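Report on one structure; see the data block that follows.
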Amino acid sequence: MEWTTEAIDRLRALWAEGHSTAEIGRRMGVSKNAVVGKAHRLQLPARPSPIRRDPAAPRPVAAGRRPTLPPLRVVASIVPAARREESAAVVVPVAAAPAPAPASKPASVVRAFPRMGARSCCWPIGEPGTPGFKFCSAEAIPGKPYCAEHAAVAYVRVKDRREDAA
DNA sequence: CCCTGATTCGC
DNA sequence: GCGAATCAGG
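In our numbering, the protein residues as written are 8 to 173.
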């Protein structure tokens, strides 16, 4: 979005008229995030925020962006099924997945992937891209990519994710 | 689920 | 600077 002076004027006007950020976004053809972002930068008068932010509060870590987890890119490609699990978040042993430089499929990982169709646990053991890397390979729960032991770790309820991820 | 605005930070 | 991702609340 190129914030021309005209666009900024319009944003200011709509903001002053009390439209919601999403509404302003719709009218201007941008996302509401773009609107709030720009409004914030312009230091337009803040709206009453629905959320409570204790100023000196123990903010989890980073509100906006999660800490960068390049590993998830690699791991996600290893265990795509896990990402589709409803209402669940995937937890992966971080130590097991420090992504090597390339974000695109490392051949070593591809080679290490268990034969598709073999219902063996896909839980990564060791470091992807290193010689010792392998998968758990215990018998997986039918319909899940992991054995019972690792499925218990891999699938956590989303609402509980914060506790675990913290 | 839908919605709200605020904040962070990779780009 | 931009804005998606994420937050937290209704």
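Every residue, glycine too, gets a C-beta built ideally from N, C-alpha and C. These numbers come from a predicted model, not from an experiment.
For Ala41, the closest alpha carbon among the candidates Cys129, Ala155, Gly25, Trp10 is that of Trp10.
Pairing Ala29 with Lys39 gives a Cβ-Cβ distance under 7 Å. Per DSSP, reduced to three states, the secondary structure at Glu13 is helical.
Residue state for Ile132 is assigned as strand, using DSSP reduced to three classes.
In the three-state reduction of the DSSP assignment, Glu146 falls in the strand class, which pools E and B.
In the three-state scheme derived from DSSP, where H, G and I count as helix and E and B as strand, Lys45 is classed as helix. In terms of Cα proximity to Met8, the closest of Ser27, Leu21, Lys45 is Lys45. Taken atom to atom, the span from the alpha-carbon of Arg33 to that of Ile58 is near 23 Å.
In the three-state DSSP reduction, Lys151 falls in the coil class, being neither helix nor strand. Of the candidates Ala147, Gly25, Leu18, Gly133, Leu18 places its Cα closest to the Cα of Gly36.
Around the Cβ of Leu21, a 10 Å sphere holds 16 or more other Cβ atoms; the residue is buried. Non-local beta-carbon contacts of Ala14 in its own chain, meaning distances under 8 Å to residues more than five positions away in sequence, involve Met8, Met35 in chain order.
Put simply, the backbone Cα of Pro55 is about 11 Å away from that of Ser27. If you draw a straight line from the Cα of Pro131 to the Cα of Lys151, it comes to about 14 Å. If the five residues before and after Gly139 are omitted, its C-beta is found closer than 6 Å to the C-beta atoms of Gly133, all from its own chain and listed in chain order.
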